[in-house]
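Below you'll find the structure, written out as structure tokens, and then a few comments.
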Amino acid sequence: MLDVENISTYYGNACALYDVSFSVTENEIVSIIGANGAGKSTLMKSVMGTVRPREGKIVYKGKDITHVQTHKIVKSGIVYVPEGRDVFTKLSVEDNLTMGAYSKPAKAKELNALHEEMYEMFPRLKERRKQMAGTLSGGEQQMLAIARGLMSKPDLIMFDEPSLGLAPIIVDEVFDRIQAINKRMGISVVLVEQNAFMALSISSRCYVLENGKVAMQGKSSELIDDETVKSAYLGM
Amino acid sequence: MQAVILQLAVSGIAMGFVYALVAIEYTLIWNACGLLNFSHEKIITMGGYVFVGTCLFQLGLPNIPAIVLAVILLAIFGIAIAALIFIPLRNSTRLIAVVATVMLGQVINEGVILIWGSVALMPKNFLSGVSQILGATVSKSYVYIIIVSIIIIAVLQFILKKTKIGKAMTCVSQNKTAASLMGINVKVSMAITVAISFGICCIIGVLTAPIFTVKQQMSTMIALKGFCAGVIGGFGNLPAAIAGGLILGVVENFAGLILPSVFKDVVAFALMVVFMLFFPDGLVGVKNRIQKHIAKSQMEKLS
Numbered sequence: 001m002l003d004v005e006n007i008s009t010y011y012g013n014a015c016a017l018y019d020v021s022f023s024v025t026e027n028e029i030v031s032i033i034g035a036n037g038a039g040k041s042t043l044m045k046s047v048m049g050t051v052r053p054r055e056g057k058i059v060y061k062g063k064d065i066t067h068v069q070t071h072k073i074v075k076s077g078i079v080y081v082p083e084g085r086d087v088f089t090k091l092s093v094e095d096n097l098t099m100g101a102y103s104k105p106a107k108a109k110e111l112n113a114l115h116e117e118m119y120e121m122f123p124r125l126k127e128r129r130k131q132m133a134g135t136l137s138g139g140e141q142q143m144l145a146i147a148r149g150l151m152s153k154p155d156l157i158m159f160d161e162p163s164l165g166l167a168p169i170i171v172d173e174v175f176d177r178i179q180a181i182n183k184r185m186g187i188s189v190v191l192v193e194q195n196a197f198m199a200l201s202i203s204s205r206c207y208v209l210e211n212g213k214v215a216m217q218g219k220s221s222e223l224i225d226d227e228t229v230k231s232a233y234l235g236m
Numbered sequence: 001m002q003a004v005i006l007q008l009a010v011s012g013i014a015m016g017f018v019y020a021l022v023a024i025e026y027t028l029i030w031n032a033c034g035l036l037n038f039s040h041e042k043i044i045t046m047g048g049y050v051f052v053g054t055c056l057f058q059l060g061l062p063n064i065p066a067i068v069l070a071v072i073l074l075a076i077f078g079i080a081i082a083a084l085i086f087i088p089l090r091n092s093t094r095l096i097a098v099v100a101t102v103m104l105g106q107v108i109n110e111g112v113i114l115i116w117g118s119v120a121l122m123p124k125n126f127l128s129g130v131s132q133i134l135g136a137t138v139s140k141s142y143v144y145i146i147i148v149s150i151i152i153i154a155v156l157q158f159i160l161k162k163t164k165i166g167k168a169m170t171c172v173s174q175n176k177t178a179a180s181l182m183g184i185n186v187k188v189s190m191a192i193t194v195a196i197s198f199g200i201c202c203i204i205g206v207l208t209a210p211i212f213t214v215k216q217q218m219s220t221m222i223a224l225k226g227f228c229a230g231v232i233g234g235f236g237n238l239p240a241a242i243a244g245g246l247i248l249g250v251v252e253n254f255a256g257l258i259l260p261s262v263f264k265d266v267v268a269f270a271l272m273v274v275f276m277l278f279f280p281d282g283l284v285g286v287k288n289r290i291q292k293h294i295a296k297s298q299m300e301k302l303s
């Protein structure tokens with residue numbers, strides 16, 4: 001459903017991505033791993049149009065979205081849960097969720113049902129629904145960012161470092177939910193992670209980014225046994 | 001004595017609301033576009049001229065339709081300015097943005113002279129006369145200012161808290177990238193904010209027209225004091241700006257009781273300097289500090 005074809009993205013003269021291609025098909029989890037500065041976030045931002053690739057093409061559901069405005073890309077069904085969560089700290093949990101549904105006009109009733117669905121999936125958010133998002137813990141903010149992303153009922157959701165700065169027990173919970181989103185809701189997932197082991201264990205395919213280029217790609221089950229991946233990213 | 005105090009209180013509160021509206025008007029743009037609109041003084045003046053010069057005198061409209069038309073015209077002007085200047089400048093360095101808005105003010109000033117001439121205009125039978133409140137004689141224009149300001153503030157709160165457009169404006173002011181990732185068209189949201197801000201500028205011009213008459217310098221002082229109100233309240237915070245404006249208006253008016261009236265303006269600016277020196281984050285900062293102090297003393301009691 002998403003095809004990124006040979007894109008190159010620059011910040012000024014610095015090349016952040018060079019000739020990168022990757023694709024996501026219906027209903028799968030694709031992971032992208034790589035070290036700091038490998039270009040993982042830039043790749044996500046290029047898809048969302050918050051930075052623009054200088055060369056190449058991005059096609060979503062058969063439509064070229066390379067030069068489409070960000071808010072229209074969101075409307076067409078791609079959601080990006082950014083690194084560092086980026087929740088609206090001065091809005092309540094409830095309002096944050098409501099804003100997640102901004103791109104899909106919904107009646108009050110449907111909106112309520114969506115809220116309840118999210119609270120069922122993330123019970124902690126229900127307890128804190130009236131609280132300002134800025135007062136939540138890191139794990140709760142991550143849950144909120146994920147739930148907010150789901151509010152617009154996307155077809156494809158991209159997570160950028162969802163485990164960053166979280167306690168190991170919370171990391172397990174987050175990955176658990178991501179798998180549930182894919183399996184139960186039938187949403188395709190792109191997972192960008194530094195936690196390579198986690199990413200490889202829940203994804204079906206994986207791309208390894210190195211210095212802005214795709215160094216390796218393949219089935220996650222095969223990459224997890226690959227010697228280079230093992231030594232470089234899994235620390236084995 | 002009681003009558004004098006009541007008179008001072010009413011006119012102080014009225015001017016306080018004018019300062020509060022000024023603070024709101026530029027805080028909206030500050031929050032949405034990250035730039036200080038130094039041309040706001042001239043936009044208030046322009047609002048006054050559009051209302052009196054064009055809508056009342058040239059078109060001969062009755063008061064209410066004239067106000068509505070003037071506000072709409074200024075809002076449209078705001079959208080144009082947003083598209084041409086404020087939105088393109090949102091990511092530029094502060095200095096460039098400051099110079100641009102100051103120059104915009106000059107251009108508007110010259111434009112006003114070109115279109116309406118440099119004469120002072122006075123609307124006839126508009127918010128004029130006096131009313132008796134509890135034995136005190138109060139100018140009607142002050143009463144209208146208070147009523148209209150409260151309505152504007154209430155409507156603005158409703159828009160920001162309850163409507164989709166307003167919530168989007170709040171999100172854009174908090175985090176532009178995240179807002180666009182929610183599917184919010186950030187540029188459109190900015191343009192709407194600027195339009196609302198310019199609309200409020202126009203209403204300030206309309207409300208103060210009977211007090212200052214419509215002339216080039218009609219808004220110089222209120223624009224500056226509106227800035228003081230923002231500093232006293234806490235920059236970038238709307239409720240704080242309102243509180244700052246009201247305090248400023250009342251304090252400077254009552255200072256006139258003790259000090260010679262020429263010192264009235266000095267009081268406002270002295271108050272701002274005091275706040276900048278000792279409470280740079282305004283009343284909001286003071287409130288936070290007190291809350292922290294209470295929390296700390298409670299913790300100490302427990303332990």
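Protein chains in written order, with the working numbering: chain P, 1 to 236; chain D, 1 to 303. Think of the CB as a built atom: it goes at the ideal place given N, C-alpha and C, for glycine as much as any other residue. This structure is a prediction, so every number in the text was calculated from the model and none was measured.
Could you give the first and the last residue of the continuous beta strand (DSSP E) run that contains residue i?
| i | result |
| --- | --- |
| P/LEU51 | The residue asked about is misnamed: residue 51 of chain P is Val in this sequence, not Leu. Element bounds for P/VAL51: n/a, residue is neither H nor E. |
| P/ASP3 | 2 to 11 |
| P/MET35 | Note that residue 35 of chain P corresponds to Ala in the displayed sequence, not to Met. Here P/ALA35 belongs to no beta strand (DSSP E), and DSSP marks it neither H nor E. |
| D/GLN216 | Where D/GLN216 is concerned, there is no enclosing beta strand (DSSP E), given that its DSSP letter is neither H nor E. |
| P/ALA101 | Note, P/ALA101: premise wrong, no beta strand (DSSP E); not H, not E. |
| P/MET216 | 213 to 219 |
| P/VAL87 | First-last for P/VAL87: undefined, no H or E at that position. |
| P/VAL20 | 14 to 24 |
| P/ARG205 | 205 to 210 |
| P/VAL79 | 78 to 81 |
Anything in chain B within Cβ reach of residue i, meaning under 8 Å, just list it in chain order.
| i | result |
| --- | --- |
| D/LEU181 | In the displayed structure, chain B is absent; the protein chains listed are P and D. |
Name the two residues that bound the continuous alpha helix (DSSP H) containing residue i.
| i | result |
| --- | --- |
| P/MET143 | 138 to 150 |
| D/ALA295 | 282 to 302 |
| D/MET272 | 264 to 278 |
| P/PHE122 | That residue, P/PHE122, is in no alpha helix (DSSP H); it is neither H nor E in DSSP. |
| D/VAL155 | 140 to 162 |
| D/MET15 | 2 to 33 |
| D/ILE247 | 238 to 258 |
| D/ILE43 | 40 to 49 |
| D/LEU181 | 176 to 181 |
| P/ILE73 | 70 to 75 |
For the putative contact between residue i and residue j, defined by C-beta atoms under 8 Å, what is the C-beta separation to the nearest angstrom?
| i | j | result |
| --- | --- | --- |
| P/ALA241 | P/LEU191 | The question about residue 241 of chain P has no answer, for chain P in this structure spans 1 to 236. |
| P/ASN96 | P/LEU144 | 6 Å |
| D/VAL130 | D/SER118 | That pair is no contact at about 31 Å. |
| P/TYR102 | D/ILE184 | 6 Å |
| P/LYS57 | P/THR66 | 5 Å |
| D/VAL250 | D/ALA14 | The Cβ separation is near 10 Å, so there is no contact. |
| D/LEU160 | D/PHE86 | Incorrect: roughly 19 Å between the Cβ atoms, too far for contact. |
| D/ILE203 | D/ILE152 | 6 Å |
| P/CYS206 | P/LEU223 | 5 Å |
| D/LEU238 | D/THR27 | 6 Å |
| P/GLY100 | P/GLY134 | With a Cβ gap of about 17 Å, P/GLY100 and P/GLY134 do not count as contacting. |
| P/LEU2 | P/SER23 | 6 Å |
Please confirm whether any heavy atom of the ligand PLP lies closer than 8 Å to the CB of residue i.
| i | result |
| --- | --- |
| P/SER188 | Looking for the ligand PLP in the displayed structure turns up nothing, as the structure carries no ligands at all. |
Next on the checklist: Could you check whether the stretch 50 to 62 of chain D touches the stretch 249 to 260 of chain D, counting it as contact only if at least three pairs of C-beta atoms, one from each stretch, sit closer than 8 Å?
Outcome noted: no
Checklist entry - Which residue spans inside the stretch 154 to 201 of chain P form an unbroken beta strand (DSSP E) run of at least 3? => result 156 to 160, 188 to 193
Next on the checklist: Threshold first: 4 residues or longer. Then list the alpha helix (DSSP H) segments lying entirely within the stretch 55 to 135 of chain D, N to C.
Outcome noted: 63 to 81, 94 to 116
Checklist entry - Touch check for the stretch 211 to 229 of chain P and the stretch 180 to 195 of chain P: three-plus C-beta pairs under 8 Å? => result no
Checklist entry - Is it a yes or a no for the stretch 1 to 12 of chain P touching the stretch 32 to 48 of chain P, going by three-plus beta-carbon pairs under 8 Å? => result yes
Checklist entry - Counting pairs of Cβ atoms below 8 Å between the stretch 228 to 237 of chain D and the stretch 277 to 288 of chain D, do you hit three or more? => result yes
Checklist entry - What residues from the stretch 118 to 144 of chain P come within 7 Å of chain D, judged by C-beta to C-beta, listed N to C? => result none
Next on the checklist: Taking beta-carbon pairs under 7 Å, can you tell me which members of the stretch 192 to 215 of chain P lie near chain D?
Outcome noted: none
Checklist entry - Is the stretch 58 to 73 of chain P touching the stretch 118 to 127 of chain P in the sense that three or more CB pairs, one from each, lie closer than 8 Å? => result no
Checklist entry - Residues in the stretch 98 to 112 of chain P with C-beta within 9 Å of chain D's C-beta atoms, listed in sequence order? => result THR98, MET99, GLY100, ALA101, TYR102, SER103, LYS104, PRO105
Next on the checklist: So, does the stretch 262 to 270 of chain D touch the stretch 168 to 175 of chain D, judging by three or more C-beta pairs under 8 Å?
Outcome noted: no
Next on the checklist: Give me the subset of the stretch 199 to 221 of chain D whose CB atoms are less than 9 Å from a CB atom of chain P, sorted by chain position.
Outcome noted: none
Checklist entry - Going along the chain, which residues of the stretch 146 to 171 of chain P sit with their C-beta nearer than 7 Å to a C-beta in chain D? => result SER152
Checklist entry - Are three or more beta carbon pairs between the stretch 239 to 249 of chain D and the stretch 190 to 199 of chain D nearer than 8 Å? => result no
Next on the checklist: Any C-beta of chain P within less than 8 Å: which residues of the stretch 158 to 169 of chain D qualify?
Outcome noted: LYS164, LYS167, ALA168
Item to check | Where the stretch 88 to 111 of chain D meets chain P: residues whose CB sits under 9 Å from a CB there | outcome: none
Checklist entry - So does the stretch 62 to 70 of chain D actually touch the stretch 215 to 225 of chain D, counting three or more Cβ pairs closer than 8 Å? => result no
Checklist entry - Got a sec: which bits of the stretch 30 to 52 of chain D sit with their beta carbon under 7 Å from any beta carbon on chain P, in order along the chain? => result none
Next on the checklist: With a threshold of 8 Å, are at least 3 pairs of Cβ atoms found where one atom belongs to the stretch 76 to 85 of chain D and the other to the stretch 132 to 150 of chain D?
Outcome noted: no
Checklist entry - Are at least three pairs of beta-carbons, each pair with one atom in the stretch 131 to 151 of chain P and one in the stretch 87 to 94 of chain P, less than 8 Å apart? => result yes
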